[in-house]
Amino acid sequence: MPSILTKKERNEELSNLIENGWEMIDGRDAIYKEFKFKSFIHAFGWMSSIALISEKLDHHPEWSNVYNTVEVTLTTHSANGLTKLDLALAKKMDIQKNNQ
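Here our numbering is used: position 94 in the sequence shown is 1331, and no number is missing along the way.
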């Protein structure tokens, strides 16, 4: 089972994600980001690509989609908070978005 991020990992790695638009959720050890796309088909295509990545990582996001917007929350339920899996998936999401 993945372990909760250490204070050092949070300071080093989480700060990079926050600079890239991710934010901590009040009252929960989780991060959130809203992704905007040109259209629904672009948003859905991005979600499909992330679904494949998520399966490979065996780590799945909480997300919702309305037209061109995808809202994402990441946390590791089995660990009850943020782990390296969340950081890895967040980085991959940002990379996939930047490649569109």
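Glycine included, every Cβ here is placed at the ideal spot set by N, Cα and C.
Original post:
If you check the beta carbons only, do residue 1270 and residue 1309 fall under 8 Å apart?
Top reply: The Cβ-Cβ distance between residue 1270 and residue 1309 falls below 8 Å.
Original post:
Is residue 1274 helix, strand or coil when you go by DSSP?
Top reply: coil
Original post:
Taking the alpha-carbon positions, what's the residue 1288 to residue 1334 distance?
Top reply: 13 Å
Original post:
With C-beta atoms as the reference, is residue 1315 less than 8 Å away from residue 1238?
Top reply: In contact: residue 1315 and residue 1238 (Cβ atoms closer than 8 Å).
**OP:** Might you give, ordered along the chain, the residues of its own chain that have their beta carbon closer than 8 Å to the beta carbon of residue 1320, omitting 5 neighbours on each side?
**Re:** 1239, 1240, 1241, 1242, 1313
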